[in-house]
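Numbering (my numbering), first residue to last: 423 to 581.
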């Protein structure tokens, strides 16, 4: 966003390697991505975005840590940043509603890697996901009900 010409030059260099038909598709995706970044404008906007991002990840990792303490996990606070990253990256790819399954698997595997038993890791991952997912789902449902909206109506509006 700050130096789009430089970004386009680097992308062109990288996309000179794959076959032309693949490079053309990737170049189109990269161009749309860079066009979207122009909304961020200058360094001040980037600073706000970076600060908000760090604050958000820190608060989420703190939530993971608090739930870990409640489950009696004896892990360093920084480990919960790894749990946060692993669990959230798994739900970035389409899978199940709410990421149920992949989220628990990777949250559990991360804490198990750092020395938690599989049973305690499984309980933590399920409890954590319920703690994170259920309030948002319930509040969303209550807001839909309050505004007399159905999920079908939302789908129609979104089309």
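Virtual Cβ for every residue (Gly too), placed ideally from N, Cα, C.
Minimum C-alpha distance to residue i - residue among the options
i           : options               : result
residue 543 : 425, 490 and 448      : 490
residue 455 : 433, 541, 505 and 475 : 433
residue 506 : 481, 519 and 518      : 481
residue 535 : 504, 552 and 470      : 504
residue 553 : 443, 442 and 520      : 520
residue 479 : 508, 464 and 564      : 508
Cβ-Cβ distance between residue i and residue j below 8 angstroms
i           : j           : result
residue 576 : residue 533 : no
residue 570 : residue 547 : no
residue 528 : residue 512 : yes
residue 486 : residue 555 : no
residue 538 : residue 495 : yes
residue 437 : residue 445 : yes
Straight-line gap, residue i to residue j (C-alpha atoms, nearest Å)
i           : j           : result
residue 523 : residue 516 : 12 angstroms
residue 499 : residue 514 : 24 angstroms
residue 449 : residue 545 : 44 angstroms
residue 424 : residue 541 : 48 angstroms
residue 472 : residue 426 : 19 angstroms
residue 573 : residue 431 : 45 angstroms
residue 452 : residue 440 : 14 angstroms
residue 560 : residue 435 : 48 angstroms
Three-state secondary structure (DSSP) of residue i
i           : result
residue 468 : helix
residue 558 : helix
residue 515 : coil
residue 475 : helix
residue 457 : helix
residue 446 : helix
Assigned exposure category for residue i - 16 Cβ within 10 Å defines buried
i           : result
residue 602 : The requested residue 602 does not occur in the structure, where the chain is confined to residues 423 to 581.
residue 501 : buried
residue 530 : buried
residue 477 : exposed
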